[in-house]
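So our numbering is basically just the index in the sequence shown, starting at one, shifted up by 30. Backbone N, C-alpha and C fix where the C-beta goes; we use that ideal spot for every residue, glycine too. Note that the coordinates shown come from a computational prediction; the quantities given were computed from them, not determined experimentally. Okay, so here's the structure we're looking at.
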Amino acid sequence: STYSVCTVIAGLEAAAKLAEATSHPADASEWRRAAAGYRAQLDKLCVPDGAFSKGFLLSDDGTPEPDDTLDISSLYGPFMFAGLPLDDKRMQRTLHAVHDRLYNSSPIGGVIRYENDNYFLAKQQYQGNPWIVCTLWLAQYLLAVQRGQDAKDLLDWALARRMSSGVLSEQFDPEDGTALSVAPLVWSHAELVNTLLDLYKL
């Protein structure tokens, strides 16, 4: 997936820094070359309009086939882990697609994980259930591109869905907002903290 490739790039570049810090320059050079090799192939993860896709699927015979599904992680991975410039055309096109197709796709708003996500989805007229993590990932990106009010609106959406105890669940019914799946989900709380930290850097 696009997200996985970007985490691999981040891991290789971190390993190169550690190798340099511990006086292993040959290893550092090798891992930087490997990371650069992955970076050079990122265009293969784009759909024809230039936005990042979910990635590839393996067919029954093991042949990789493009998976053109739009996925919020395909915006967040290049941003958070591969550190692509915010004015990168691929990033801008992915943001536009996410805004149009994954954000506010149901009555309660929020951001779904990807198109046609059936996980815990009981109401098939919707593309998926909105998640706290996905909504806050978009908020973090919007903070980075100086769209502070839009990001705060997403943060407020997440905070409005906390339980009376303060617990955040994983996802919500797209019509009535009922909490679904795991609660509390540590990942939801972690992304809330990350988003608040980003907000207070402004």
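The Cβ atoms of T99 and K119 lie no closer than 9 Å to each other. For L215, there is no enclosing beta strand (DSSP E), as DSSP gives it neither H nor E.
Taking the Cα of P78 as reference, the smallest distance to any Cα among W61, A220, T124 is reached at T124.
From the listed residues A65, S31, L48, the smallest Cα separation to A40 is found for A65. Its chain contains S136, P204 as the residues whose beta carbon lies nearer than 6 Å to that of Y156, once the 5 sequence neighbours on both sides are disregarded; these appear in chain order. Within the same chain, and ignoring the five residues on either side of F109 in sequence, the residues whose Cβ sits closer than 6 Å to its Cβ are Y171. Assigned with DSSP and collapsed to three states, E95 falls in strand. By the CB criterion at 9 Å, L75 and T32 fall inside the cutoff. In the structure shown, the three-state DSSP call for I142 is strand. Beta-bridge partners of F150 (DSSP): none assigned. D101 sits in a strand when the DSSP states are folded into three classes. Between the C-alpha atoms of L168 and R63 there is a straight-line separation of about 31 Å.
For L184, the enclosing alpha helix (DSSP H) starts and ends at 178–190. Per DSSP, G85 is one residue of the beta strand (DSSP E) stretching across 85–88.
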